[in-house]
Amino acid sequence: MAPSRLEVNLRRLLVQCELRAKEDIQTDWRLDKYIGTLDEMLRNLQRMPSKPAKETLSEYGRRVDFLKGLIHTQNLSTPEEKVVAAQLLQPEPPSSDVITKEIHQKTTSKYAEELRDELLSSGSDGSKSLRQRKSSKPSSGEDLDALLRHHHAVQEKIAEDMLSLARNLKEQSHLASTIIKRDTEVVEQSGSLTDANFERLKLESARLEEHTKRAWRCWMWVMIAVVVIIFVNMVVFMKVMKKKK
Numbered sequence: 001m002a003p004s005r006l007e008v009n010l011r012r013l014l015v016q017c018e019l020r021a022k023e024d025i026q027t028d029w030r031l032d033k034y035i036g037t038l039d040e041m042l043r044n045l046q047r048m049p050s051k052p053a054k055e056t057l058s059e060y061g062r063r064v065d066f067l068k069g070l071i072h073t074q075n076l077s078t079p080e081e082k083v084v085a086a087q088l089l090q091p092e093p094p095s096s097d098v099i100t101k102e103i104h105q106k107t108t109s110k111y112a113e114e115l116r117d118e119l120l121s122s123g124s125d126g127s128k129s130l131r132q133r134k135s136s137k138p139s140s141g142e143d144l145d146a147l148l149r150h151h152h153a154v155q156e157k158i159a160e161d162m163l164s165l166a167r168n169l170k171e172q173s174h175l176a177s178t179i180i181k182r183d184t185e186v187v188e189q190s191g192s193l194t195d196a197n198f199e200r201l202k203l204e205s206a207r208l209e210e211h212t213k214r215a216w217r218c219w220m221w222v223m224i225a226v227v228v229i230i231f232v233n234m235v236v237f238m239k240v241m242k243k244k245k
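Following full-length UniProt numbering, the numbering of the sequence shown begins with 1 at its first residue and continues without gaps.
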C-alpha cells in the first residue's frame, strides 16, 4: 500500500529536523517548533484508518522522541546535567538510522567538551587565586571539595529522577498490562457467549424446522382423511341414488 500524503510529509520533515540537529541545535531556534509539528503529525497518523504498520509507527516514534530528548537536554542548566542526559539519550538498538547515531555522538562530545572547559576554567581561577593569596591553598581545596560535592549531588538528583521515571514507567506498564488482560478476558467471554448463542440458535432452528415438518405432515394427513371421507360419501350417495331408481 502506497504511503499517505501525511506520512510522506512526516518523513520529509523528520529528515529535515535530523539534518538541522546534526548541524547545530543551539543556533536553530525553529527546530523546537518543527519537532512539535512532527509530534502532532505522528499522532494524526496513528489515528488514521489506513495507518502504516506498527513497526513503522514505532520507528517514527523513536526518532521523534530522540529529537525531543535533544531539545530537553539542550535546555538543561548545567553541563553536568547535559552530559548525563546525553548519555541517557542513547538510541535504542533496533534503530538502524545512521544519522541518529551521528547526532548522539556529536551531542555527547559537545557537552563533554563544555564540561571539560568549565572544569579547566574553575581550575584556572583557582590557580590565579593561589598566586594572589598565600592563604588560598585551603580555600582551593575547599572549592574543589564543594565542586565535587555539587557534581555528586547533581548525579544523585539525576539518578533519583531516573529511578522515579523508571517506577512511573513500571506502574504505567503494569496498569496497561492489567487493562489489556481485562480487555482480553472480556473479548474471550464475549466470544464464548457468541459461540453459545450461535449453538443455541442453531438448535432452536433445528427444532423449528422439525416442528414445521411435523405440522406439514399433520395437515397432509388431515387433507387425505378429508378426501377419503368425501370419496366414501360420494360412493354411498351414488349407491343410494341407484336403489331409489
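For glycine and all other residues, C-beta sits at the position ideal for the given N, C-alpha and C.
These numbers were taken from a predicted model, which means no experiment stands behind them.
Residue i - DSSP class collapsed to helix/strand/coil
i           : result
residue 220 : helix
residue 48  : coil
residue 5   : helix
residue 30  : coil
residue 78  : coil
residue 43  : helix
Neighbour-count burial assignment, residue i, 16 or more Cβ in a 10 Å radius
i           : result
residue 15  : exposed
residue 82  : buried
residue 156 : exposed
residue 73  : buried
residue 174 : exposed
residue 135 : Model confidence at residue 135 stands at a pLDDT of 46, short of 50, so the residue's coordinates are unreliable and nothing is read from them.
residue 230 : exposed
residue 63  : buried
residue 150 : exposed
residue 180 : exposed
residue 94  : Confidence at residue 94 is low in this model, with a pLDDT of 49, below 50, so the placement of that residue is unreliable and no value is reported for it.
residue 10  : buried
residue 42  : buried
residue 226 : exposed
residue 84  : buried
residue 237 : exposed
Beta-carbon separation (whole angstroms), residue i vs residue j, contact threshold 8 Å
i           : j           : result
residue 13  : residue 34  : 6 Å
residue 101 : residue 22  : About 11 Å separates the two Cβ atoms, so there is no contact after all.
residue 7   : residue 49  : Their Cβ separation, rounded to whole angstroms, is 13 Å, which puts residue 7 and residue 49 out of contact at 8 Å.
residue 18  : residue 103 : 7 Å
residue 66  : residue 89  : 7 Å
Residue range of the unbroken alpha helix (DSSP H) whose run includes residue i
i          : result
residue 53 : That residue, residue 53, is in no alpha helix (DSSP H); it is neither H nor E in DSSP.
residue 89 : Segment: none, residue 89 is in no alpha helix (DSSP H) and carries neither H nor E.
Separation of residue j from residue i, as counted between CA atoms
i           : j           : result
residue 99  : residue 148 : 35 Å
residue 5   : residue 59  : 18 Å
residue 80  : residue 154 : 7 Å
residue 169 : residue 209 : 59 Å
residue 193 : residue 69  : 47 Å
residue 223 : residue 216 : 11 Å
residue 111 : residue 86  : 8 Å
residue 119 : residue 78  : 12 Å
residue 201 : residue 190 : 16 Å
residue 166 : residue 198 : 47 Å
residue 32  : residue 20  : 11 Å
residue 233 : residue 242 : 14 Å
residue 40  : residue 177 : 26 Å
residue 121 : residue 171 : 43 Å
residue 29  : residue 37  : 14 Å
residue 183 : residue 47  : 20 Å
residue 239 : residue 228 : 17 Å
residue 139 : residue 114 : Note that residue 139 scores 47 on pLDDT, short of 50, meaning its location in the model is unreliable; the coordinates nonetheless yield the value given after this. Straight-line Cα distance between these residues: approximately 25 Å.
residue 116 : residue 188 : 60 Å
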